[in-house]
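From first to last, the protein sequence lines are chains H and A.
Taking this note's numbering, the leading residue of the first sequence gets 1079, the next gets one more, and so forth.
Taking this note's numbering, the leading residue of the second sequence gets 100, the next gets one more, and so forth.
Ideal Cβ placement from N, Cα and C applies to all residues, glycine included.
Let me begin by presenting the structure, written as structure tokens, before commenting on it.
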Amino acid sequence: MSAHSVTEPTRLSKSIAAVLVAVYALITLLPLLWIISTGFKSGPDSISYPPKVVFAPSLEGYVNLFTTRTRIGAEQFAALPPPETWYDRIVRQSGTVIAGQSRFGERFLNSVIIGFGSTFLSIFLGTLAAYAFSRFRVPLKDDLLFFILSTRMMPPIAVAIPIYLMYRELGLSDTHLGMILLYTAVNISLAVWLLKGFIDEIPREYEEAALIDGYTRFQAFRKVVLPQAATGIASTAIFCLIFAWNEYAFAVLLTSGNAQTAPPFIPTIIGVGGQDWPAVAAGATLFLLPVMIFTILLRKHLLRGITFGAVRK
Amino acid sequence: MAEIVIRNLRKEFGAFTAVQGSSFTIADGEFFMLLGPSGCGKTTTLRMIAGLELPTSGEILIDGEDVSQRPASQRDIAMVFQMFALYPHMTVRRNISYPLVSQGLPRAQVQAKVAEVARILGISDILDKSVGGLSGGDRQRVALGRAIVRNPKAFMMDEPLGALDAEFREHMAEELRALHDRMRATTVYVTHDQLEAMQMGDKIVVMNHGVVEQFGTPQQIYDHPASLFVADFIGSPAMNFLAFHGAVQAGETEVDLGGVRLALPEVQEAASPRDLVLGVRPEHVTLSDSAPYRGRILASEYLGTTQIITLDCPHGRVKARAPSGQGVRSGETVGLSFRAETLALFDAASGRALRTAANRGVHHG
Ligand SMILES: Nc1ncnc2c1ncn2[C@@H]1O[C@H](COP(=O)(O)OP(=O)(O)OP(=O)(O)O)[C@@H](O)[C@H]1O
Ligand SMILES: [Mg+2]
């Protein structure tokens, strides 16, 4: 059936389509489901072969994610008072005791600050720049737009060494501000181009009506243009956030103690006696949540946004 | 309400001149039409008056004050856009109240004014709807409501009926004119429809290629076009043109068309031998067997009470408006007589109407 078919889809073709979509969704979601389920497995279950699809759920991975543990001698272990909390109990089962908090919470918070901070900054600057490019006679407009885009023509990591040196010189290495600025610099070209497209589609008459109704240019921008660009802003924000949230290479290179984000941290979660897969999976699961929630919240806009205004009225 | 004076107004977009030195005056309370074909600079002129476009040179005086370099928000003018430009993310009520909110009016007063405007326009029942689903007529009314709600100095309307279908247009045109008659607000109205301009306007400016061709009342413009362009643009069917070569002296009351002498209003300026054009409206042509100027009937078009007869004459095609009862046979050769006092004489090269006793006092651009 062609995309331009004018006949109503039959019931059969509808059910075939539904099955195809379900199968496709299953295939793409399988790794995700695997990660989520691994997060709830016990250590031995997570590496058993053949892999276990049905297993006794355990919060061990999550507890391990947020704690550091040590193994103590058998006598000492026996002499311990009974566990006080549910997580103490889980840890005891593997013959260890909690030694302290892990740094996951901190890293996660860093990711939130840097990811959302740079997204906000990219959108803020991008919207203003896109509006100016869309509405005003900017000298050398086309050249500037090309120049802005050209920053994306090489992989950002190609400039890693100069940035590393520059950041060290400026004291921006391993700081939140440094990472926010860096991700903003990478994202802003995308933001300006996407947002300019969306703003171009908003007829000028709306702002002009507002100007005539006694509003200043900035008020017209805020009260009339912004609400109508909401779709574009939302979808651009999602793209920006996904990049900043998942960025790995710069984070490895430029952050360590203070401003390290979750992506370089998660793979380094090592349990007592080898890679702690349930904890890694638990970390990955939690790491997924913010982007997922953000996307779901903005989904209504995103679906309209990624058609790039083709059906906007 | 206000008087608007336009002096030598000019607008260039890069190398292109959209408006070249317009001058005219819009009296207080007038319904003023900016008329011309597509691309002649009507919208540009209107936008300069509203403050959405700054003129390259020239003056715009509103109530005697030069506002030509002021932003739109400080001119106290309301505008109805061609596609209405209602704020799509607001309800009808918010759309109409928006101009008042910018003035910081208290809520109760805003609500009262909106209610009053809605009553005048008959849209009280749709105030809480979103503007998305409204019909063309209702959108039009909301746009008008947004314009009249704050008592501006003047209204600008850019082809406000252009987006409506033909049937509804007539109705809205009447409604608009009635509204104007009630409010007596200075209104500048852009249209390319000469019938609309003639029906609704107190005064008309006819523009072409950025130049004001003529400025006057509908009757002056219809009866005494200042140029070939205006004569051709106004009226349906347009004025007939008989092209001939000749010279005229001041004081003459006849011209010679291929040996036939035709009377016309006394010419008041001399013209050396050159290409001239005699203009006559179809309703001022009568067919009579005795007339010396002859033409062959090509066709006739039945219009109910009248018919339009097309004739082939030695100096060009002529259309005559005649009672539909008059029997005509195509192919027949008949005489044509023209009502002398209505004739106009144009210089073919410049297109300008020569001064005669009839068109004295007509404003050229
Ligand atoms: N911002 C602009 N930049 C460059 N040229 C422009 C601009 N605005 C208008 N023009 C040109 O100026 C001329 C007059 O435009 P304008 O919109 O005033 O015409 P108009 O009489 O309103 O025509 P229409 O009946 O088609 O609306 C046109 O040739 C148009 O292309
Ligand atoms: Mg126009």
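Should residue 115 (chain A) be counted as a contact of ligand 1 given a C-beta to heavy atom distance under 7 Å?
Here residue 115 (chain A) is taken as the residue at index 16 of the second sequence, counted from 1. The answer is yes for residue 115 (chain A).
So which residues of chain H does residue 465 (chain A) contact, with C-beta pairs closer than 8 Å?
Not covered by the structure: residue 465 (chain A). The range shown for chain A is 100 to 464.
Across which residues does DSSP place residue 340 (chain A) in a beta bridge pair?
For the purposes of this step, residue 340 (chain A) is taken as the residue at position 241 of the second sequence. DSSP, once it has assigned bridges, lists A:378 as partnering residue 340 (chain A).
Over what stretch of residues does the beta strand (DSSP E) that includes residue 1088 (chain H) continue unbroken?
As a position in the first sequence, residue 1088 (chain H) is number 10, starting the count at 1. No beta strand (DSSP E) holds residue 1088 (chain H); DSSP gives it neither H nor E.
Is residue 359 (chain A) helix, strand or coil by DSSP?
Here the question's residue 359 (chain A) lines up with position 260 in the second sequence. The three-state reading of DSSP puts residue 359 (chain A) in strand, counting E and B together.
Please compile the residues from chain A whose C-beta is within a distance smaller than 8 Å of the C-beta of residue 1184 (chain H).
Locating residue 1184 (chain H) in the first sequence gives position 106, counting from the first residue. Near residue 1184 (chain H) there are no residues of chain A at all, since even the closest Cβ is about 41 Å away, more than 8 Å.
Any beta carbon of chain A sitting closer than 8 Å to that of residue 1171 (chain H)?
On the first sequence, position 93 is the one that residue 1171 (chain H) refers to. No, residue 1171 (chain H) does not count as interfacial toward chain A.
Of the residues H:1140, H:1124, H:1275 and H:1093, which one's Cα is nearest the Cα of residue 1133 (chain H)?
Position 55 of the first sequence, counted from the first residue, corresponds to residue 1133 (chain H). With distances taken between Cα atoms, residue 1133 (chain H) lies closest to H:1124.
Residues of chain A with CB closer than 9 Å to the CB of residue 1086 (chain H), please, in chain order.
Taking the first sequence and counting its residues from 1, the one referred to as residue 1086 (chain H) is at position 8. Going along chain A, no residue has its Cβ under 9 Å from residue 1086 (chain H), so there is no contact; the nearest lies around 25 Å.
What residue does the beta strand (DSSP E) around residue 127 (chain A) start on, and which one ends it?
To locate residue 127 (chain A), count along the second sequence from 1; it is residue 28. Segment: none, residue 127 (chain A) is in no beta strand (DSSP E) and carries neither H nor E.
Compare the C-beta of residue 443 (chain A) against all C-beta atoms of chain H and say whether one is closer than 8 Å.
Position 344 of the second sequence, counted from the first residue, corresponds to residue 443 (chain A). For residue 443 (chain A), the answer is no, since every Cβ of chain H falls outside 8 Å of its Cβ.
May I ask you to check if the CB of residue 120 (chain A) is nearer than 7 Å to at least one heavy atom of ligand 1?
Residue numbering aside, residue 120 (chain A) sits at position 21 when the second sequence is read from its first letter. Not one heavy atom of ligand 1 falls within 7 Å of the beta-carbon of residue 120 (chain A).
For residue 1299 (chain H), does the three-state DSSP call read helix, strand or coil?
What you label residue 1299 (chain H) is simply residue 221 of the first sequence in a count that begins at 1. If DSSP states are grouped into helix, strand and coil, residue 1299 (chain H) belongs with the helices.
In the DSSP assignment, what residue or residues form a beta bridge with residue 103 (chain A)?
Walking along the second sequence from the start, residue 103 (chain A) turns up at place 4. Answer is A:125 and A:161.
At 7 Å on the CB atoms, spell out the chain H contacts of residue 364 (chain A), in chain order.
Position 265 of the second sequence, counted from the start, is the residue given in the question as residue 364 (chain A). Going along chain H, no residue has its Cβ under 7 Å from residue 364 (chain A), so there is no contact; the nearest lies around 46 Å.
N-terminal and C-terminal residue of the beta strand (DSSP E) that residue 193 (chain A) is part of:
One-based indexing of the second sequence puts residue 193 (chain A) at position 94. Here residue 193 (chain A) belongs to no beta strand (DSSP E); instead the alpha helix (DSSP H) covers 191–201.
Extent of the continuous alpha helix (DSSP H) to which residue 500 (chain A) belongs:
Look at the range of chain A in this structure, 100 to 464, and you will see that residue 500 (chain A) is not part of it.
Spell out whether any CB of chain H is found under 8 Å from the CB atom of residue 485 (chain A).
The requested residue 485 (chain A) does not occur in the structure, where chain A is confined to residues 100 to 464.
Determine whether the Cβ of residue 1216 (chain H) lies closer than 8 Å to any Cβ atom of chain A.
Taking the first sequence and counting its residues from 1, the one referred to as residue 1216 (chain H) is at position 138. No, its Cβ sits nowhere closer than 8 Å to a Cβ of chain A.
How about residue 110 (chain A): is its Cβ closer than 7 Å to a heavy atom in ligand 2?
Here residue 110 (chain A) is taken as the residue at index 11 of the second sequence, counted from 1. No, Cβ of residue 110 (chain A) sits at least 7 Å from all heavy atoms of ligand 2.
Only counting the same chain, and skipping five residues up and downstream in sequence, which positions put a Cβ closer than 6 Å to that of residue 246 (chain A)?
If you number the second sequence from 1, residue 246 (chain A) lands on position 147. Cβ neighbours of residue 246 (chain A) beyond the five flanking positions: 177, 179 and 254.
Using 7 Å as the cut-off, classify the Cβ of residue 1219 (chain H) as near or not near the heavy atoms of ligand 1, replying yes or no.
Your numbering for residue 1219 (chain H) matches position 141 in the first sequence. Residue 1219 (chain H): no, Cβ never under 7 Å from ligand 1.
How about the segment 1315–1333 of chain H and the segment 1213–1222 of chain H: do they share at least three Cβ pairs that are nearer than 8 Å?
At 8 Å Cβ cutoff, the stretches do not touch.
Going residue by residue through the segment 372–416 of chain A, where are the continuous beta strand (DSSP E) segments of at least 3 residues, counting only ones entirely within it?
384–386, 393–401 and 405–412, all fully within the segment 372–416 of chain A.
Contact criterion: CB-CB distance below 8 Å. Does residue 1302 (chain H) meet it with respect to chain A?
The residue you call residue 1302 (chain H) lines up with position 224 of the first sequence. Look at residue 1302 (chain H): its C-beta is under 8 Å from a C-beta on chain A.
Taking the alpha-carbon positions, what's the residue 1386 (chain H) to residue 1276 (chain H) distance?
The residue given as residue 1386 (chain H) occupies position 308 in the first sequence. The residue given as residue 1276 (chain H) occupies position 198 in the first sequence. Bear in mind that the predicted position of residue 1386 (chain H) carries a pLDDT of just 46, short of 50, making it too unreliable to give a figure here.
Closest Cα partner of residue 404 (chain A) within the set A:252, A:382, A:107 and A:210
On the second sequence, position 305 is the one that residue 404 (chain A) refers to. The shortest CA-to-CA distance from residue 404 (chain A) to any of A:252, A:382, A:107 and A:210 is the one to A:382.
Which one or two residues does DSSP pair with residue 1232 (chain H) in a beta bridge?
Indexing the first sequence from 1 puts residue 1232 (chain H) at position 154. Looking at the DSSP assignment, residue 1232 (chain H) forms no beta bridge with any residue, so it has no partner.
Identify every run of the alpha helix (DSSP H) within the segment 1132–1199 of chain H, keeping only runs that are complete inside it and at least 4 residues long; order them along the chain.
1138–1144, 1152–1157 and 1164–1171, all fully within the segment 1132–1199 of chain H.
Please report the straight-line C-alpha distance between residue 1143 (chain H) and residue 1166 (chain H), rounded to a whole angstrom.
On the first sequence, residue 1143 (chain H) is found 65 positions in, with the first residue counted as 1. On the first sequence, residue 1166 (chain H) is found 88 positions in, with the first residue counted as 1. Distance between the alpha carbons of residue 1143 (chain H) and residue 1166 (chain H): 14 Å.
By the 8 Å beta-carbon criterion, what residues does the segment 196–209 of chain A contribute toward chain H?
From the segment 196–209 of chain A, only 197, 198, 201 and 202 have a Cβ closer than 8 Å to chain H.
Residue 249 (chain A) and residue 199 (chain A) - do their beta-carbons sit closer together than 8 Å?
Along the second sequence, read from residue 1 onward, the residue named residue 199 (chain A) stands at position 100. Along the second sequence, read from residue 1 onward, the residue named residue 249 (chain A) stands at position 150. Cβ distance < 8 Å, so residue 199 (chain A) and residue 249 (chain A) count as in contact.
Is residue 1353 (chain H) close to chain A? Criterion is C-beta to C-beta, closer than 8 Å.
By one-based count along the first sequence, residue 1353 (chain H) stands at place 275. Residue contact check for residue 1353 (chain H) against chain A: no CB pair falls below 8 Å.
Cβ-Cβ separation, residue 1343 (chain H) to residue 1185 (chain H) (assumed contact under 8 Å), whole Å:
The count along the first sequence starts at 1 and reaches residue 1185 (chain H) at position 107. The count along the first sequence starts at 1 and reaches residue 1343 (chain H) at position 265. The pair is a contact, with the Cβ atoms about 4 Å apart (cut-off 8 Å).
Run the CB neighbour count on residue 1338 (chain H), radius 10 Å, all protein chains shown included, and call it buried at 16 or more, exposed below.
Taking the first residue of the first sequence as position 1, residue 1338 (chain H) is located at position 260. Taking all protein chains shown into account, residue 1338 (chain H) has 16 or more neighbouring C-beta atoms within 10 Å of its C-beta and is therefore buried.
Give me the DSSP bridge partner(s) of residue 288 (chain A).
For the purposes of this step, residue 288 (chain A) is taken as the residue at position 189 of the second sequence. In the DSSP output, where bridge partners are listed per residue, residue 288 (chain A) has A:132 and A:256.
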